[in-house]
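Worksheet: the structure to be examined is printed underneath.
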Amino acid sequence: MKKLLIMFILNLPFLLIAQTRIKGMVSDRSGHRLDAVTIALSQQNNAATYALADSGRFTINTKSSGSFTLTATLIGYKTIIKSITLPKDTLLIIMEETAKQLGMVTISAARPVIERKIDRVVFNVENSIVASGGSAWDAMTKAPGVQLNSGNTLTADRKNVTVYVDDRPLHLSGDELTTYLQGLPSDAVSKIEVITNPPAKYDAEGGAIINIVTKKSKSDGLNVTLNSGYTQATYGSYNAGAIFNYRKDKLNVFGSYNYSNRDKDYKETDFVNYNTPGNPSFWNSDVVNHRKSAVNNYKLGADYQLSKNQVIGFLVTGYNAAGNGHSETNTSVAGGSNAKPDSLLHTITNSKSNTTQIGFNANYMLKIDTTGKSLTVDFDYLPFRSTNRQFLDNYSFLPDGSPASTSYHIYTPTTQDINIYSGKADYTSKLYKRWTLTSGIKYSSIKTDNTFNYFNNAGAIPVLASNQSDHFTYTENTAALYTSINGTVGNWTFQGGLRGEYTRSQGFSATLDSLNKRSYFKLFPTAYVIYKLNDNSDLQLTYSYRIQRPEYFRLNPFKTYVTPYSFVEGNPALQPSFVQNIELGYTWKKLYNITGYYNVTHDMFTYATVQDNVDHLLYTTQQNLGFSSNAGVRLSAPFNPTNWWEINTTADLSWQTERSAYLQGSYDYHKLTFNGSIDQAFTIDKGAGLKAELNAWYNTPHIAGIFDIDRTYDVSFGIRKTIFHDGTLKLSAGDIFYGNSFNVSSHYLNQDNGSLMRGDTRNITLSFTYKLGKNVKDAKQRETSNEDEKNRAR
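Sequential numbering from 140 applies to the sequence shown in our numbering.
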């Protein structure tokens with residue numbers, strides 16, 4: 140190594156003499172740096188050398204000196220042609236706007252906040268002010284068609300979702316999913332794709348898919364983006380991170396690291412009316428929950444071009460989260476018609492949790508020929524571990540303050556280990572030059588090991604209660620084959636696919652001594668048909684059939700206690716549900732959409748409450764219910780009243796039906812519901828890079844199984860300013876009127892209970908991002924035949 144360093148130092152002068160480098164800056168008349176300007180340097184009888192300006196900066200290397208012709212071009216600006224003599228240290232280029240092309244530049248260069256495609260809606264987070272600076276979880280709730288329901292569950296166009304990151308399933312659910320997304324800054328997210336009818340290449344799991352696409356740099360050389368944000372709600376939270384990319388010749392190395400520290404407050408008011416014959420009572424509870432979490436998200440990967448047509452790569456992703464929570468619940472109990480409490484309960488809960496997930500991926504891509512034939516192979520291994528320790532202490536008092544009964548103290552530690560192995564291969568080819576055929580195979584193996592211990596913590600030494608503890612294991616193996624085809628014939632565009640999945644699963648609870656085995660094979664078709672009526676309008680017809688498998692937390696039979704009289708438990712006997720969706724839509728000028736739809740879910744699984752009026756218990760469990768459907772019409776339209784005002788609107792009117800047998804009865808509920816959103820962007824000062832955004836959405840009351848859910852709404856505002864040329868400062872206010880809360884109630888048979896849940900959604904966020912880096916390759920070299928492989932989705 141020492142000899143190599145000496146040889147490099149001795150030969151450095153000759154290397155510098157062998158080439159001439161010119162650095163420059165390109166801007167407009169106002170001094171604002173211009174991006175994506177093509178710089179060409181030519182000399183008689185020699186091939187031209189090119190560079191692409193990145194945030195106004197460019198560098199060109201040439202092997203000779205003398206007189207050259209420099210050309211600078213950018214759509215919307217006058218082309219500059221000038222003679223220069225090299226060597227030269229620096230060069231400043233000032234370009235003038237072309238009035239005739241200015242409108243074209245605005246239309247082609249400005250990516251709208253919301254884009255609509257054949258099978259998905261794209262929410263460009265990096266262009267949304269109100270979605271920036273916070274967490275990916277916050278940004279998802281701003282995406283069109285995405286709703287946050289009680290219990291922190293997500294739906295998209297009224298269907299349950301599976302969350303992907305960069306086209307890979309996240310394999311998280313429940314609190315772990317929430318923690319992960321709250322720890323991922325939205326400034327690390329490029330866009331969110333809401334795929335309500337996923338193509339056959341995706342797993343058949345989930346009624347819809349939300350795919351989070353993280354930011355990546357396509358520029359050669361070293362590029363780094365720094366981000367930071369501070370959010371003030373009841374308490375302060377902050378995040379910071381960096382995204383980097385280094386691309387040189389055949390090697391591309393990329394990665395990111397983000398740290399998030401969240402301090403959140405959560406309030407809840409509950410009521411239960413126990414209609415016990417001869418002993419009725421009314422229970423009213425106030426809950427204050429304070430939770431802190433520290434989350435690390437990271438990613439490191441590399442792609443290497445083995446040859447012109449081959450790319451091999453690896454990727455490591457992961458996160459670890461540490462959290463602690465403290466909650467206090469005060470419950471008043473009034474019997475009969477007595478308005479005054481007969482007794483008071485005071486419950487204190489303290490918990491500590493740790494979660495770690497690391498994903499390892501190896502991938503290979505082969506471009507077989509120039510007709511479009513290609514082969515991609517992926518192997519993944521994902522280990523996951525989560526631990527939680529909860530201490531619950533309950534005290535009961537009479538109205539005069541004296542003890543009403545013996546205090547209650549328990550300690551419930553839990554551990555969950557999950558290992559996921561998967562491998563897949565996809566082959567793409569062309570048929571008769573107009574059809575693209577894609578086929579693939581995938582196998583996944585999942586094993587979970589869950590331990591729950593229940594200790595009586597009333598004495599000096601905790602005593603294990605084995606009859607209330609449990610050990611639960613669950614395995615699931617799925618083999619899948621799929622094929623899809625798409626192409627255009629005349630005015631018709633077709634895309635269709637068929638996916639077959641064979642699944643075997645087994646769950647065993649040691650304490651319950653119950654073994655649940657399942658094996659099933661299902662076919663899942665998808666179809667998209669577009670008919671072009673004329674240059675401005677077309678019709679679309681889509682159909683999909685998909686499966687929803689219960690998340691792991693829903694299958695886990697353990698009890699999580701809120702108070703001694705209230706707990707949450709899973710159900711290892713849950714069955715998968717199946718979703719059918721059909722849509723007929725009309726699009727005008729590729730901007731304005733109206734769609735009629737009908738979706739139905741059979742054997743829907745969901746949260747359900749059980750109210751024991753004898754022992755005065757209320758617990759939440761998981762149940763398969765019968766039938767859930769939505770029939771409605773969805774509209775979306777963008778408007779540009781002026782060149783500084785952009786509006787995106789969506790509206791969805793639906794007729795809901797919930798029907799099932801449950802407990803000792805049955806229900807058949809119907810409700811007309813509406814949800815709509817409007818996103819407005821304002822360019823206040825284009826030259827100064829000053830923009831603002833106003834986002835609002837509203838949901839009318841709706842139903843979910845046996846639950847009635849009251850209206851929810853959100854109004855958020857943000858403003859953004861470009862500073863230091865490559866920096867962006869954003870200030871936003873979220874849920875200004877505090878309408879994003881859930882008022883849920885159940886009045887079914889002898890069940891009479893409800894909750895008003897308020898999260899820490901009203902907040903102010905200040906964030907800053909800064910991009911730095913330089914290009915070391917010119918634009919001509921970038922545009923090679925292997926660009927698709929280098930920029931393949933990771």
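All C-beta atoms, glycine included, are put in the ideal place defined by N, C-alpha and C.
Run of the alpha helix (DSSP H) containing residue i, from where it starts to where it stops
| i | result |
| --- | --- |
| Tyr316 | According to the sequence displayed, residue 316 carries Leu and not Tyr. Run containing Leu316: Gly313 to Gly322, per the alpha helix (DSSP H) assignment. |
| Met279 | Ala275 to Met279 |
| Phe692 | Tyr691 to Leu694 |
Neighbourhood of residue i by C-beta distance below 6 angstroms, restricted to the same chain and skipping five residues each side
| i | result |
| --- | --- |
| Gln890 | Gln750 |
| Phe813 | Leu792 and Thr839 |
| Thr245 | Caution is warranted here: a pLDDT of 34 is assigned to Thr245, below 50, making its placement in the model unreliable, and the coordinate value is therefore given only provisionally. Excluding positions up to five away in sequence, the list is empty. |
| Thr456 | Lys438 and Gly498 |
| Phe907 | Ser367 and Leu868 |
| Thr594 | Strictly speaking, residue 594 in this sequence is Phe, with Thr absent from that position. Same-chain partners within the cutoff: Tyr550, Pro601 and Leu603. |
| Tyr684 | Phe663, Pro664 and Gln719 |
| Ala501 | Phe453 and Phe518 |
| Asn449 | Residue identity check: residue 449 is Gln in the sequence provided, not Asn. Excluding residues within five positions, the ones whose Cβ falls inside 6 angstroms are Leu505. |
Burial state of residue i (16 or more Cβ within 10 Å)
| i | result |
| --- | --- |
| Ile862 | exposed |
| Gly195 | buried |
| Arg259 | buried |
| Ser716 | buried |
| Arg573 | exposed |
| Leu934 | What is shown of the chain runs 140 to 933, which leaves residue 934 out entirely. |
| Met243 | For Met243, the predicted structure reports a pLDDT of 34, less than 50, and the residue's modelled location is therefore unreliable. The matter cannot be settled from this model. |
| Ser658 | exposed |
| Leu757 | buried |
| Asp277 | buried |
| Gln496 | buried |
| Ser424 | buried |
| Leu654 | exposed |
| Pro308 | buried |
| Tyr613 | buried |
| Asn418 | exposed |
| Pro689 | buried |
| Asn150 | In this prediction, Asn150 has a pLDDT of 44, which is less than 50 and means its spatial position is unreliable; nothing more can be read from the coordinates. |
| Trp422 | buried |
| Glu235 | exposed |
Residue i - partner residues in DSSP beta bridges
| i | result |
| --- | --- |
| Gly462 | Ser432 and Ser492 |
| His841 | Ile848 |
| Phe697 | Looking at the DSSP assignment, Phe697 forms no beta bridge with any residue, so it has no partner. |
| Gly346 | Paired residues: none, contrary to the question. |
| Gln555 | Ser525 and Asn589 |
| Val854 | Ala835 |
| His741 | Phe717 and Phe766 |
| Ser623 | Thr577 and Gly636 |
| Leu505 | Gln449 and Leu514 |
| Gln750 | Leu757 |
| Lys572 | DSSP output for Lys572 lists no bridge partner at all. |
Limits of the beta strand (DSSP E) - the one that residue i falls within
| i | result |
| --- | --- |
| Arg901 | Taken as a continuous stretch (DSSP letters only), Arg901 belongs to no beta strand (DSSP E), as it is neither H nor E. |
| Val302 | Lys298 to Val304 |
| Ile686 | Ser676 to Gln687 |
| Asp402 | Leu390 to Tyr413 |
| Val668 | Ser653 to Asn673 |
| Ile823 | Gly804 to Asp824 |
| Asn362 | Gly360 to Gln371 |
| His113 | Residue 113 lies beyond the range of the chain shown here (140 to 933); nothing can be said about it. |
| Asp791 | Trp784 to Tyr801 |
Cutoff 8 angstroms; reference residue i; Cβ partners in own chain excluding five residues on either side
| i | result |
| --- | --- |
| Tyr582 | Ser561, Gly562, Lys563, Asn616, Thr617, Ala618 and Ala619 |
Close Cβ partners of residue i (< 7 angstroms) along its chain, the five nearest in sequence each way excluded
| i | result |
| --- | --- |
| Asn558 | Pro522 and Lys586 |
| Lys355 | Asn384 and Phe393 |
| Thr627 | Arg573 |
| Asp899 | Ala372, Thr373, Lys403, Asp404 and Tyr405 |
| Lys810 | Gln795, His841 and Ile842 |
Give a yes or no on contact between the stretch 604-611 and the stretch 315-327, applying the rule of three or more CB pairs nearer than 8 angstroms. no
Contact between the stretch 779-797 and the stretch 872-884 (3+ Cβ pairs under 8 angstroms): no
Kindly confirm or deny that the stretch 838-857 and the stretch 867-875 touch, where touching means at least three C-beta pairs closer than 8 angstroms. yes
Does the stretch 487-494 touch the stretch 507-526, meaning 3 or more C-beta pairs lie closer than 8 angstroms? yes
Indicate whether the contact test is met: 3 or more Cβ pairs, each with one atom in the stretch 404-418 and one in the stretch 428-435, closer than 8 angstroms. yes
Segment contact flag, the stretch 796-807 with the stretch 824-832, C-beta cutoff 8 angstroms, min 3 pairs: no
Does the stretch 482-492 come close enough to the stretch 461-471 to have 3 or more Cβ pairs within less than 8 angstroms? yes
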